[in-house]
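Worksheet: the structure to be examined is printed underneath.
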Amino acid sequence: MRARSLSVPIAMIASAVFAVIIGFGGAARAETQAVEITISNFLFAPDTVTLKAGVPAVLKIRNEDPALHEFIANEFFNGMDVAVSGGGSAERGPDGLARILIEKNLIATVRFTPTKPGTYVFRCDLPGHGMKGEFVVQ
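Residue numbers (our numbering): 23 to 160.
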């Protein structure tokens, strides 16, 4: 009888240890890249953003200028699942996200997972703005 009563606690402990090990492995896989781009004085800062392919990213775009700006990265976001929230107004086209409009003093939050290594331009094409930057995906 006594041997049987010990087998239940041992099985519970083994299950708990296994869950902790799996939990730590899951935490490593749940890594997220957090990036912030600030728009100020009609410039993107930083103007180069490096990301890892296959790792989810959260991009915050903060507009500190007194004007409306847009964030366009068509080639980068083409065909990608992209969620935009916060102070950004997303416009979508046939290939996915076309642009994000960001009013003054607002922050747009963009969630996505970069998939293809390479260098991709992002820009604001509103008249007189001519702002550019790039994503580098490794």
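Positions of the beta carbon are idealized from the N, C-alpha and C atoms, including for glycine.
On the DSSP bridge assignment, give the partners of residue i in chain order.
{"i": "Met-153", "result": "Cys-146"}
{"i": "Thr-135", "result": "Beta-bridge pairing links Thr-135 to no other residue."}
Out of the options, point me to the one whose CA is closest to residue i's CA.
{"i": "Gly-76", "options": "Met-153, Thr-54, Ser-111", "result": "Thr-54"}
{"i": "Glu-125", "options": "Ala-79, Pro-78, Phe-93", "result": "Phe-93"}
{"i": "Val-143", "options": "Asn-85, Asn-96, Asn-63, Asp-87", "result": "Asn-96"}
{"i": "Phe-157", "options": "Asn-63, Ala-79, Ser-62", "result": "Ala-79"}
{"i": "Gln-160", "options": "Gly-140, Leu-123, Asp-69", "result": "Gly-140"}
From residue i to residue j, what does the alpha carbon distance come to, in whole angstroms?
{"i": "Asp-147", "j": "Val-104", "result": "20 Å"}
{"i": "Gly-110", "j": "Leu-119", "result": "12 Å"}
{"i": "Leu-73", "j": "Ala-56", "result": "9 Å"}
{"i": "Lys-138", "j": "Asp-117", "result": "16 Å"}
{"i": "Phe-134", "j": "Gly-115", "result": "17 Å"}
{"i": "Ile-129", "j": "Arg-121", "result": "15 Å"}
{"i": "His-91", "j": "Phe-99", "result": "18 Å"}
Just mark residue i as buried or exposed, buried being the case when its beta carbon has 16 or more other beta carbons within 10 Å.
{"i": "Ala-67", "result": "exposed"}
{"i": "Gly-101", "result": "exposed"}
{"i": "Glu-113", "result": "exposed"}
{"i": "Met-153", "result": "buried"}
{"i": "Ala-89", "result": "exposed"}
{"i": "Gly-155", "result": "buried"}
Going by beta-carbon coordinates alone, are residue i and residue j separated by less than 8 Å?
{"i": "Leu-81", "j": "Val-132", "result": "yes"}
{"i": "Val-71", "j": "Ile-59", "result": "yes"}
{"i": "Glu-14", "j": "Ser-107", "result": "For the chain, the structure presents residues 23 to 160; residue 14 sits outside this window and is missing."}
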